[in-house]
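Taking it in order: structure first as C-alpha cells, then the write-up.
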Amino acid sequence: MSDERLIAIVDDDASLRRSLGNLLGSTGFNVETFASAEAFLAAGKVEAMDALVLDVRMPGMSGVDLLVELGRRSARLPVVVLTAHGDEDVRKQCFRAGALAFLTKPFQAKDLLDAIEQVTSGD
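Take a look at the structure:
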C-alpha cells in the first residue's frame with residue numbers, strides 16, 4: 379500500500395525515533411523525526427505534516443507544552459501521544475490540549491498504526 383501522508387515523530391529517545399521511523403516507513407508513510415519540540419517548531423514544517431507522533435516528557439518543551447503551542451498557532455495537526463508516563467492526569471492534559479489519541483509505552487505496533495489511521499482519516 380502506498381501512502382503519501384507525512385508523519386512527524388517528536389521524541390528525545392533516538393532509538394525510539396529510529397524504531398518508529400522504520401515502522402511507519404515500512405508501512406508506506408513518509409516520516410520526519412525530531413529530537414525535541416523546539417526542533418520540530420524550528421523546522422517550520424507544522425503545516426506540511428499530516429500527523430504528529432509525540433512524546434510527553436522531554437527536556438525543554440514538553441509534549442503538553444507543544445500541544446498548547448500548536449493550539450495557540452491554530453495548527454490543525456492531528457496528534458498521537460506516546461508516553462511511558464500515562465497517568466490519568468497526563469492523559470486528560472493531552473486531550474484538553476488537542477491530542478486525538480493517547481498510547482502508553484510499551485505499545486503494540488498495530489495500535490500505533492490504527493491510531494494514526496484514525497486521526498488522519500478525517501472521520
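Note that the sequence shown covers residues 379 to 501 in this note's numbering. Even glycine gets a Cβ: it sits at the ideal position worked out from N, Cα and C. As the structure is a prediction and not an experimental result, all values here were calculated from the model.
When DSSP builds the beta bridges, which residues end up paired with residue i?
i, result
"residue 430", "386, 457"
"residue 518", "No statement about residue 518 is possible, as the shown extent of the chain runs from 379 to 501 and does not include it."
Checking 8 Å against the spacing of the C-beta atoms, do residue i and residue j come in under that value?
i, j, result
"residue 386", "residue 439", "no"
"residue 424", "residue 455", "yes"
"residue 448", "residue 441", "no"
"residue 493", "residue 481", "yes"
"residue 418", "residue 383", "no"
"residue 411", "residue 395", "yes"
"residue 458", "residue 434", "no"
"residue 436", "residue 453", "no"
"residue 475", "residue 445", "yes"
"residue 409", "residue 422", "no"
Going by DSSP in three states, residue i sits in which element: helix, strand or coil?
i, result
"residue 477", "coil"
"residue 412", "strand"
"residue 498", "helix"
"residue 418", "helix"
"residue 435", "coil"
"residue 380", "At residue 380, the pLDDT of 45 sits below 50, so the modelled position is not reliable and the matter cannot be decided from this model."
"residue 449", "helix"
Look at the alpha carbon of residue i and the alpha carbon of residue j, and state the distance between them as a whole number of angstroms.
i, j, result
"residue 420", "residue 443", "15 Å"
"residue 391", "residue 397", "10 Å"
"residue 472", "residue 460", "10 Å"
"residue 465", "residue 489", "18 Å"
"residue 451", "residue 487", "30 Å"
"residue 477", "residue 495", "14 Å"
"residue 470", "residue 484", "19 Å"
"residue 379", "residue 491", "Because the pLDDT of residue 379 is 42, which lies under 50, any placement of that residue in the model is unreliable, and the number read from its coordinates should be weighed accordingly. Looking at the two C-alpha atoms, the distance is approximately 13 Å."
"residue 393", "residue 499", "28 Å"
Quick one: measure Cβ to Cβ for residue i and residue j, integer angstroms, because I've assumed they're closer than 8 Å.
i, j, result
"residue 430", "residue 388", "7 Å"
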